[in-house]
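Enquirer: In the numbering used here, the protein residues as written are 16 to 488.
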């Protein structure tokens, strides 16, 4: 390979499948090998929910194809949807990025610019001065395309518009032919591998009309031999965008399928591996409970984050935000150095999550209404040496009840006292029919909440703290 520098050269060391924090190396390499064999024009829908790591995956795919000697282009669709002209965006990025990373010049590039110019001249006028200025400010090859359009006289532009449809149809075929020829030239003259890979990101964040127009451009204009497009979307959100344009009863799923040759669902992230990259602060005056001796030997933070990420179906972005808010809460608690603080980490994390996801529970939970019944999907908690299974709903209820029902009350004497929740009937377990995890957790809760050596955080304390953390986004 030569020493030309791609537009996103900073990604080449930072974003690789070898350093993927969510364990997608095998999936990424498998998908790349599949795409590398598509030579006849191909459009893939890479489907992933919001916050599941689509952008980082595309960056790693970019690095992979660059290192494999494929011409590769990345387009952030949302960054340019103000232009109202996706054709101009794709054409300019294609020329700009290929010019930057490959030693292409002379007749091949000039012909491609010429044919693109024929088609773009009319649409660039309609796109308005805002789009024109955006691309004229671009120092790359795309700047030359738009500059040629805007240097034409008004009469010439008007005549071009009058020619209209027939000229543009001819130009479409010419562009496709020239793109195919251009790709072959890259292979023969510069030893590049084909196909050319174009990665389109953030389409589901665009305005509905723009998203649809971008798909039309990709499918009908640039879908040609030796070019592969990977369009990353939250497909459900994109279908909602289509319905916003054509109506709720419109068959958006079927409509969307016609733009893509195949769909691939982004592989689930390895949450364990993702969490292992975080470092958590430990403070001498903050004690976390219940302890995690019944779980694998992960730190207590990792045990609880993993469990709750599964329970609430948290995406990577959700987990990252939760970690930030949790750290802020712990630092705030630790800042009062005059006391030792006992923190139920499970309850604190539940409060942080439900503040956003289940605000009714968060706000209305109180001593006479603990709202501790789990109403989500239940599952068995994995533990070591467990003779009886423990369900998440039982573990959730035990921890939430203890945090809510252990509350400070002021009797007639005026002195605060701690009401002992573990004396209530609902906390009386039969050891013969109860998992050792629940029994052990109850013992841990009782021992910690019965101490006079530390300040015990109860539900009202967690709620006040979490409300403050809500300012961190």
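Don't be surprised by glycine CBs; every beta carbon is placed ideally from N, CA and C.
Keep in mind the model is a prediction, meaning the values are calculated, not measured.
1) Can you tell me the Cβ-Cβ gap for residue 59 and residue 277, rounded? I've got them flagged as a contact below 8 Å.
2) Give the DSSP bridge partners of residue 89, in chain order.
3) By DSSP, does residue 393 sit in helix, in strand, or in coil?
4) When the Cα atoms are used, what is the spatial distance from residue 314 to residue 348?
5) Measure the C-alpha to C-alpha separation of residue 434 and residue 420 and round it to an integer number of angstroms.
6) What's the gap between the Cα of residue 397 and the Cα of residue 452?
7) For residue 329, tell me which candidate among 365, 275, 247 and 47 has the shortest Cα-Cα distance.
8) Which runs of the beta strand (DSSP E) spanning at least 3 residues fall entirely within the stretch 316-365, listed in chain order?
9) Figure out for me which residue from 201, 473, 25 and 208 has the closest Cα to the Cα of residue 83.
10) Between residue 242 and residue 57, is the Cβ-Cβ spacing less than 9 Å?
11) Put residue 379 into one of helix, strand or coil per three-state DSSP.
12) Tell me whether residue 469 sits in a helix, a strand or coil according to DSSP, three-state version.
13) Helix, strand or coil: how does DSSP classify residue 222 here?
14) Under DSSP, the beta strand (DSSP E) around residue 278 begins and ends at which residues?
15) From which residue to which residue does the beta strand (DSSP E) around residue 247 run?
16) What is the residue span of the beta strand (DSSP E) that residue 34 lies within?
17) Three or more beta-carbon pairs under 8 Å between the stretch 39-58 and the stretch 102-113, yes or no?
18) Have a look at residue 280 and residue 206 and give me their C-alpha separation to the nearest angstrom.
19) For residue 61, which of helix, strand or coil comes out of DSSP?
20) According to DSSP, which residues form a beta bridge with residue 384?
21) Is the stretch 89-99 touching the stretch 211-219 in the sense that three or more CB pairs, one from each, lie closer than 8 Å?
22) Mapping DSSP to helix, strand and coil, what is residue 20?
23) Determine the burial state of residue 363: buried for a count of at least 16 other Cβ atoms within 10 Å of its Cβ, exposed for fewer.
24) Spell out a yes or no on whether the stretch 290-301 and the stretch 365-385 are touching, meaning 3 or more CB-CB pairs, one atom from each, closer than 8 Å.
25) Just to confirm before moving on: does the CB-CB distance between residue 354 and residue 470 stay below 9 Å?
26) Pick from 192, 189 and 287: whose alpha carbon is nearest that of residue 319?
27) What does the alpha-carbon distance come out to for the pair residue 73 and residue 190?
28) Determine the direct distance from the alpha carbon of residue 458 to that of residue 450, and round the result to whole angstroms.
29) How is residue 239 classed by DSSP in three states: helix, strand or coil?
30) Quick one: what's residue 301 bridged to in DSSP?
31) At what residues does the alpha helix (DSSP H) containing residue 79 begin and finish?
32) Have a look at 408, 341, 270 and 295 and flag the residue whose alpha-carbon is nearest the alpha-carbon of residue 325.
33) So, at 6 Å on beta carbons, what are the nonlocal neighbours of residue 429 in its own chain, with the 5 sequence-adjacent residues on each side left out?
34) DSSP puts residue 456 in a beta bridge; with which residues?
35) Could you check the C-alpha separation between residue 193 and residue 225 for me, to the nearest Å?
36) Taking all protein chains shown into account, do 16 or more other C-beta atoms lie within 10 angstroms of the C-beta of residue 75, making it buried, or fewer, making it exposed?
Expert: Looking at the coordinates:
1) By 1-based counting over the chain shown, the position of residue 59 is 44. By 1-based counting over the chain shown, the position of residue 277 is 262. Taking a contact as a CB-CB distance under 8 Å, the pair residue 59 and residue 277 counts as one, their CB atoms being some 5 Å apart.
2) Looking up residue 89 in the chain shown gives position 74. Answer is 214, bridged to residue 89.
3) Indexing the chain shown from 1 puts residue 393 at position 378. Shown here, residue 393 sits in coil according to DSSP, grouped into three states, outside any helix or strand.
4) Along the chain shown, read from residue 1 onward, the residue named residue 314 stands at position 299. Along the chain shown, read from residue 1 onward, the residue named residue 348 stands at position 333. Taken atom to atom, the span from the alpha-carbon of residue 314 to that of residue 348 is near 20 Å.
5) Position 419 of the chain shown, counted from the start, is the residue given in the question as residue 434. Position 405 of the chain shown, counted from the start, is the residue given in the question as residue 420. Residue placement at residue 434 cannot be trusted, given a pLDDT of 49 that sits under 50; the coordinates are not used to answer.
6) Indexing the chain shown from 1 puts residue 397 at position 382. Indexing the chain shown from 1 puts residue 452 at position 437. If you draw a straight line from the Cα of residue 397 to the Cα of residue 452, it is about 10 Å long.
7) As a working note, residue 329 is residue 314 in the chain shown. For residue 329, the nearest C-alpha among the options comes from 365.
8) Here the runs fully enclosed are 356-359.
9) Position 68 of the chain shown, counted from the first residue, corresponds to residue 83. Considering only 201, 473, 25 and 208, the residue with the shortest C-alpha distance to residue 83 is 208.
10) As a position in the chain shown, residue 242 is number 227, starting the count at 1. As a position in the chain shown, residue 57 is number 42, starting the count at 1. Annotated as proximal: residue 242 and residue 57, with beta-carbon spacing under 9 Å.
11) Within the chain shown, numbered from 1, the residue matching residue 379 stands at position 364. Correct three-state label for residue 379: helix.
12) As a position in the chain shown, residue 469 is number 454, starting the count at 1. In the structure shown, residue 469 falls within a coil segment according to DSSP collapsed to helix, strand and coil.
13) Locating residue 222 in the chain shown gives position 207, where the first residue counts as 1. Judged by DSSP in its simplified three-state form, residue 222 adopts coil rather than helix or strand.
14) Within the chain shown, residue 278 is the residue found at index 263, counting from 1. Residues 277-280.
15) Position 232 of the chain shown, counted from the first residue, corresponds to residue 247. For residue 247, the enclosing beta strand (DSSP E) stretches over residues 242-248.
16) For this step, residue 34 is matched to residue 19 along the chain shown. The continuous stretches of beta strand (DSSP E) do not include residue 34, and DSSP gives it neither H nor E.
17) Segments in contact, no.
18) Taking the first residue of the chain shown as 1, we reach residue 280 at position 265. Taking the first residue of the chain shown as 1, we reach residue 206 at position 191. Roughly 32 Å between the two C-alpha positions.
19) Here residue 61 refers to the residue found at position 46 of the chain shown. In this structure, residue 61 counts as strand in the three-state DSSP scheme.
20) For the purposes of this step, residue 384 is taken as residue 369 along the chain shown, with counting starting at 1. Note: residue 384 sits in a beta bridge opposite 381.
21) The stretch 211-219 makes contact with the stretch 89-99; the number of CB pairs closer than 8 Å reaches 3 or more.
22) Walking along the chain shown from the start, residue 20 turns up at place 5. Residue 20 falls in the coil class under three-state DSSP.
23) Walking along the chain shown from the start, residue 363 turns up at place 348. With 16 or more other Cβ atoms within 10 Å, it is buried.
24) No, the stretch 290-301 is not in contact with the stretch 365-385.
25) The residue you call residue 354 lines up with position 339 of the chain shown. The residue you call residue 470 lines up with position 455 of the chain shown. The answer is yes: Cβ separation under 9 Å.
26) As a position in the chain shown, residue 319 is number 304, starting the count at 1. Among 192, 189 and 287, the Cα nearest to that of residue 319 belongs to 287.
27) For the purposes of this step, residue 73 is taken as residue 58 along the chain shown, with counting starting at 1. For the purposes of this step, residue 190 is taken as residue 175 along the chain shown, with counting starting at 1. So the two alpha carbons sit approximately 26 Å from each other.
28) What you label residue 450 is simply residue 435 of the chain shown in a count that begins at 1. What you label residue 458 is simply residue 443 of the chain shown in a count that begins at 1. If you take the alpha carbons of residue 450 and residue 458, they lie about 13 Å apart.
29) For the purposes of this step, residue 239 is identified with residue 224 of the chain shown, where counting begins at 1. Reduced to three states, the DSSP call for residue 239 is coil.
30) Position 286 of the chain shown, counting from 1, holds the residue named residue 301. Bridge partners of residue 301: 356.
31) Numbered from its first residue, the chain shown carries residue 79 at position 64. Per DSSP, residue 79 belongs to the alpha helix (DSSP H) from 69-82.
32) Along the chain shown, read from residue 1 onward, the residue named residue 325 stands at position 310. Among 408, 341, 270 and 295, the Cα nearest to that of residue 325 belongs to 408.
33) Counting from 1 along the chain shown, the entry for residue 429 is found at position 414. At residue 429 the pLDDT is 42, less than 50, meaning the model places this residue with poor confidence and gives no usable figure here.
34) For the purposes of this step, residue 456 is taken as the residue at position 441 of the chain shown. In DSSP, residue 456 forms no bridge with anything.
35) Here residue 193 corresponds to residue number 178 of the chain shown, with the count starting at 1. Here residue 225 corresponds to residue number 210 of the chain shown, with the count starting at 1. If I take the Cα positions, the gap works out to 26 Å.
36) Translated into positions along the chain shown, residue 75 becomes position 60. Sixteen is the threshold: when 16 or more other Cβ atoms of the shown chains lie within 10 Å of the Cβ of residue 75, as they do, the residue is buried.
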